[in-house]
Each structure stands twice: as C-alpha cells, then as structure tokens.
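So the structure is just underneath, and the comments pick up after that.
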Amino acid sequence: MKFIYSPLPEFSDRPTVNELVEKLLEPEFSEVTEELLVLPLAVGENFPDWKYAQDICLRLAEHNNNQIRANACLGLAYIARTKGKLEKHLVKPILLRELRSQTEWRWRVEDAIQDINIYLQWHLAFKHLETS
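Residue 22 in our numbering sits at position 22 of the sequence shown; the count goes up by one each step and never skips.
Next up, the structure:
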C-alpha cells in the first residue's frame with residue numbers, strides 16, 4: 001500500500017463545521033467517512049479560533065466510535081501545537097478517560113497526551129507514559 005500525504009482540509013467557517021459535527025453526532029448516523037475522521041484533526045490544525053476548535057474536539061470526544069474519539073484527542077494536541085492554548089480543566093478528564101478506555105487507538109491518545117505535555121508544559125499521565 002502506497003501512502004501519499006495530503007494536507008488536512010481547511011474549515012474556516014463555523015456553519016460548515018457545525019453541520020458536520022451535528023451530522024456526526026446524530027444517534028442514527030453510523031457511517032464513519034474519511035471527512036468525519038479528519039474533522040477534529042483539521043479543526044485542531046487550521047481553525048483560527050482555538051476555543052471553538054477545542055469545543056468541537058471535546059464534543060467529538062463523546063462519539064461512540066473509538067477512532068473518532070482518538071482523533072478528537074489528537075485534534076486537541078494539534079490545538080496545543082498550533083495555538084499554544086487549551087483549557088486544562090476541560091481537556092484533562094477527556095484525555096485520561098480515553099487513555100484508560102481505548103485499546104486499538106490507545107497509541108494515538110498517548111501521542112496526543114505527549115504532544116500536549118510538550119507544547120503546554122503539562123504533566124498529564126506522566127507516570128503512565130514513563131513506563132509504557
């Protein structure tokens with residue numbers, strides 16, 4: 001399999017992002033598309049309003065799909081890297097919950113926590129990450 005890098009889509013307007021998030025969070029919606037998987041990554045990387053991007057990632061972190069939740073954690077790491085801000089009291093419980101509950105995508109959550117620790121000088125799950 002040949003992987004070719006392609007940049008994340010740029011979402012610059014709230015109505016488009018809100019529409020995608022609402023679609024993704026509908027209880028009867030079960031199809032997980034590439035567009036929906038990259039949404040938290042693209043918002044975290046490119047959306048100019050860090051608080052809004054954080055709120056979107058936190059909402060997506062409540063999805064029933066493990067990969068979307070793991071990508072939401074990584075989206076938070078992208079915000080830390082590109083904007084240098086996150087609200088610890090909101091983000092920390094989500095990251096720690098996902099660290100405990102994820103199996104297949106746990107590595108992605110660990111990467112997200114490590115990045116956030118680096119860019120924001122936090123010490124989340126420090127003992128766990130030292131031993132893993």
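C-beta: ideal position from N, C-alpha, C; glycine also.
Just so you know, these numbers come straight off a predicted model, no measurement behind them.
Status (buried if at least 16 other CB within 10 Å, exposed otherwise) for residue i
| i | result |
| --- | --- |
| Glu45 | buried |
| Ile68 | buried |
| Phe126 | exposed |
| Glu26 | exposed |
| Glu104 | exposed |
Beta-carbon proximity of residue i to residue j, cut-off 8 Å
| i | j | result |
| --- | --- | --- |
| Leu86 | Ile113 | no |
| Ala53 | Glu10 | no |
| Leu90 | Leu60 | no |
| His128 | Leu99 | yes |
| Trp122 | Lys88 | yes |
| Arg20 | Ala80 | Looking at the sequence itself, residue 20 is Leu, so the reference to Arg does not match. No. |
Residue i (DSSP reduced to helix, strand or coil)
| i | result |
| --- | --- |
| Ile4 | coil |
| Glu22 | helix |
| Lys85 | coil |
| His138 | Residue 138 is absent from the structure shown; the chain starts at 1 and stops at 132. |
| Gln54 | helix |
| Ser101 | helix |
| Val32 | coil |
Option in the options with minimal Cα separation from residue i
| i | options | result |
| --- | --- | --- |
| Cys57 | Asp49, Ser101, Cys73 | Cys73 |
| Trp107 | Pro48, Asn71, Ile118 | Asn71 |
| Leu36 | Glu104, Phe126, Val17 | Val17 |
| Arg14 | Pro7, Glu22, Leu8 | Glu22 |
Residues near residue i in its chain [Cβ-Cβ closer than 8 Å; skip 5 each side]
| i | result |
| --- | --- |
| Ile202 | Any answer about residue 202 is impossible in this case: the structure gives the chain only from 1 up to 132. |
| Asp111 | Leu74, Ala77 |
Cβ neighbours of residue i in the same chain (closer than 6 Å, five flanking residues each side left out)
| i | result |
| --- | --- |
| Val32 | Asn65 |
| Leu24 | Leu36 |
Nonlocal neighbours in the same chain, by C-beta distance under 7 Å from residue i, ignoring five residues either side
| i | result |
| --- | --- |
| Trp50 | Ile79, Lys83, Lys85 |
| Val8 | Checking the sequence, you will find Leu at residue 8 rather than Val. Cβ within range, chain order: Val38, Leu41, Ala42, Glu45, Asn46. |
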